[in-house]
Amino acid sequence: MEGSRTTIEERDMTPPAMEPERQQYFMERARLQVKELSDRLGRPLTCCINTFGCQMNARDSEKLLGILETIGYRAVESEEADFVLYNTCTVRENANLRVYGRLGQLGAYKKKHPQMMIALCGCMMQEKEVVDKIKKSYRYVDLIFGTHNIFKLAELVSLCLDSRKKEDESRKAAEGTPVKGHKHKMVIDVWEDTDQIVEDLPVERKYPFKSGVNIMFGCNNFCSYCIVPYVRGRERSRKPEEIIKEIRRLASDGVVEVMLLGQNVNSYGKNLETPMTFAGLLREVEKVDGIRRIRFMTSHPKDLSDELIEVMAGSGKICRHLHLPLQSGSSRILKEMNRHYTKEQFLDLAARIKAAVPGISLTTDIIVGFPGETEEDFLETLDVVRRVGFDSAFTFIYSKRTGTPAAAMEDQVPEDVVKERFDRLLKEVQDISAEVCCRDEHTVQEVLVEEVNDHSPELMTGRLSNNTVVHFPGDVSLIGKLVPVYLEESRGFYYMGKQVDGAL
Ligand code: SAH
Ligand code: SF4
Ligand code: F3S
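Counting from 1, position 455 in the sequence shown corresponds to residue 455 in the UniProt record's numbering; the numbering is continuous, with no gaps.
Here it is, written out as structure tokens:
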């Protein structure tokens, strides 16, 4: 080789075996590969990540984008990009159907733009049948990986680019002759489970002023309807010092609100060398200068401690909002769901939280049509909704997930019955929500300003500590700031307000 330029081949010594050094090596290698390709094309390479599912996936996507940008891809909104990644969800059947539908459209685009790379990751890819189906029916996909090895993205992209280069070369060599036996190689790397937590990955945050922070991964609860424990693996907590280090870094970077993430944050810390409770972790997070608001999700009612209620009640930073999934109001169904609480225990918990943290908003998740659910069971759910007075509720029609205990249960509820119950529940939830949501009307509250209103550019949109949305006249300079707003009018799920002078 001429000159002093390092080429990809020269760098190809054996990659380090240990993380994070191995990924640092591959980030550099992939960066050179991306640069080589982009020099050849005379333009930057673009990438687009489409995220399905929950906050876990949203946070994973920020890490994935961080890696893609580090290796030289430029993020674009459009899926007409050089590298398109779908971070998938499989919690309900329709989540999967949506991915297949869009994948078909991507395939049609790729036919006309064969240089494009299509990658799939996330919870759906942890299911063997899904990967088999993609291998068979969506052969144009370039890369599949799962939930346990997102930190390996640079290595996997590097592998794909190598194989792409070989394909291009063999295509060139075969020029003039029909390309025979030329096979597109799909890179697949899905791990069943892991106890590995790789720290210090590059991250590209969606918002400069707020961020999710994983405090734990996986789930051990095995609610009988839920596929998450099968696709996210066993519960493992990050060390508190790593979490605090990340939050300090975020704060010094301008973040004022953190959302601590886990499938069941209330069981945080159980598997640590020095066990720590979630309430204990919250006390540490509160001490980080610059962080003004702390949120967390999700809280499993069975593990919500008195210590947590106490910490929430005494805190000036923990937001007055708790997402507390009910799933069903019938103790019999809750038992079948393996939730480990009864209707009465849930009601008691909700009452204690409300008494300890005045003005707190409670939100929830509810499933309708779990196998064996009778009209009486359903009425119990409506009863809890009314008695607790949730600010809002995500309502779901039960979806049968292969491999979960509930999928094998007899007595699946007929579709029309479920649909009718679902509509009744939705109406109840909306009525209650409109009643309780206006509780702060005509008061001044602090709003974290998040963005320009989608429909009216003269309005800014932000959130109260209790997570309710507020729109008020303002300008972009307010984004990321906490400002006092007079809540002039409640419109059911949101307020119209007016900024007032001074701090609260
Ligand atoms: N770890 C969180 C929830 C993760 S899944 C928790 O325990 O609350 C988000 C929500 O999806 C669940 O709360 C549940 O209401 C819903 N859900 C999960 N599996 C489902 C299924 N098979 N059918 C319908 N809804 C489901
Ligand atoms: Fe699923 Fe239950 Fe775990 Fe939540 S706690 S992710 S509903 S198994
Ligand atoms: Fe979906 Fe996976 Fe979250 S299945 S809800 S993206 S943990």
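Ideal Cβ positions, reconstructed from N, Cα and C, are used throughout, including at glycine. Source: prediction; values computed, not measured.
Subject >> Exposure label - residue 564; buried when at least 16 CB within 10 Å >> reply: Nothing can be reported for residue 564: it is not among the residues displayed for the chain, which extend from 1 to 504.
Original post:
Should N221 be counted as a contact of the ligand SF4 given a C-beta to heavy atom distance under 7 Å?
Top reply: yes
Subject >> Best match in S158, P208, M337 for proximity to Y398 [C-alpha to C-alpha] >> reply: M337
**OP:** Answer yes if the segment 355-369 comes into contact with the segment 317-333, meaning at least three C-beta pairs across the two stretches below 8 Å, and no otherwise.
**Re:** yes
**OP:** Pull up the distance between the alpha-carbon of G233 and that of H148, whole angstroms please.
**Re:** Our two residues, G233 and H148, have alpha carbons roughly 8 Å apart in a direct line.
**OP:** List the endpoints of the continuous beta strand (DSSP E) containing L482.
**Re:** From DSSP, the beta strand (DSSP E) with L482 extends over 482-490.
Original post:
Assuming C89 and G66 make a contact with CB atoms under 8 Å, what is their CB distance in whole Å?
Top reply: Taking C-beta atoms under 8 Å as the contact rule, C89 and G66 fail to qualify, at a distance of about 20 Å.
Original post:
Run through DSSP, which three-state label would G107 get?
Top reply: helix
Subject >> Close beta carbons around P16, own chain, < 6 Å, minus the five adjacent residues each side >> reply: R22, Y25
**OP:** Please classify D195: is it buried, with 16 or more other beta-carbons within 10 angstroms of its beta-carbon, or exposed?
**Re:** exposed
**OP:** Mark F390 as exposed unless 16 or more other C-beta atoms lie within 10 angstroms of its C-beta, in which case mark it buried.
**Re:** Buried: at least 16 other Cβ atoms inside 10 Å.
Original post:
What runs of the beta strand (DSSP E), each 3 residues or longer, lie entirely inside the UniProt domain "MTTase N-terminal" (45-162)?
Top reply: 46-51, 83-88, 117-122, 143-145
Subject >> heavy atom of the ligand SF4 below 7 Å from P229 C-beta >> reply: yes
Subject >> DSSP three-state assignment for M216, whether helix, strand or coil >> reply: Annotated three-state conformation of M216 is strand, per DSSP.
Original post:
What's the gap between the Cα of K287 and the Cα of H321?
Top reply: 20 Å
Subject >> Per DSSP, cross-strand counterpart(s) of T364 >> reply: A393
Original post:
Three or more beta-carbon pairs under 8 Å between the segment 237-251 and the segment 275-291, yes or no?
Top reply: yes
Subject >> Proximity test, residue 517 beta-carbon vs the ligand F3S heavy atom, cut-off 7 Å >> reply: Nothing about residue 517 can be reported from this structure: the residues present for the chain run from 1 to 504 only.
Subject >> Simplified DSSP state of Y494, which is helix, strand or coil >> reply: For Y494, the three-state secondary structure derived from DSSP is strand.
Original post:
To the nearest angstrom, how far is it from the Cα of M124 to the Cα of V130?
Top reply: Annotation: M124 to V130 spans about 7 Å, alpha carbon to alpha carbon.
**OP:** Please confirm if the segment 291-308 is in contact with the segment 256-265, defined as three or more CB-CB distances below 8 Å between the two stretches.
**Re:** yes
Original post:
So, helix, strand or coil for T381, using DSSP?
Top reply: Looking at T381 - three-state DSSP - the assignment turns out to be helix.
**OP:** Indicate whether F346 and L308 have their beta-carbon atoms separated by less than 8 Å.
**Re:** no
Original post:
Do C89 and the ligand F3S come close, with the Cβ less than 7 Å from some heavy atom?
Top reply: yes
Subject >> Pairwise C-alpha distance: G42 and Y138 >> reply: 30 Å
Original post:
Helix or strand or just coil, what does DSSP make of D189?
Top reply: DSSP places D189 within a strand segment (E or B) once states are collapsed to three.
Original post:
Quick one: what's got a C-beta closer than 6 Å to S4's C-beta in the same chain, skipping five residues either side?
Top reply: Caution applies to S4, whose pLDDT of 49 falls short of 50 and renders its modelled position unreliable; the value that the coordinates give is listed next. So no residue of the chain qualifies.
**OP:** Quick one: using the 10 Å Cβ neighbour count with 16 as the cut-off for buried, is G181 buried or exposed?
**Re:** The pLDDT assigned to G181 is 45, lower than 50, so where the model puts this residue is not dependable; a value taken from the coordinates is nonetheless given after this. With fewer than 16 Cβ atoms within 10 Å of its Cβ, G181 is classed as exposed.
Subject >> Q33: first and last residue of the uninterrupted alpha helix (DSSP H) it sits in >> reply: 21-41
**OP:** Leaving aside the five residues before and after H184 along the sequence, list all residues of the same chain whose C-beta is less than 6 Å from its C-beta, in chain order.
**Re:** Correct list: empty, nothing qualifies.
**OP:** Go through its chain and collect everything with a Cβ distance to A434's Cβ below 7 Å, but skip five positions before and after it.
**Re:** Cβ neighbours of A434 beyond the five flanking positions: G492.
Original post:
With a CB to CB cut of under 7 Å and the five nearest residues on each side skipped, what residues in its chain are close to C160?
Top reply: M117, D142, L143, V187
**OP:** Could you tell me which of G316, V228, T381 sits nearest to G403, measuring between CA atoms?
**Re:** When G316, V228, T381 are compared, the shortest CA-CA separation from G403 is found for V228.
Original post:
Going by the beta-carbon positions, is the gap between V447 and V476 smaller than 8 Å?
Top reply: Using a Cβ distance threshold of 8 Å, V447 and V476 do not count as a contacting pair.
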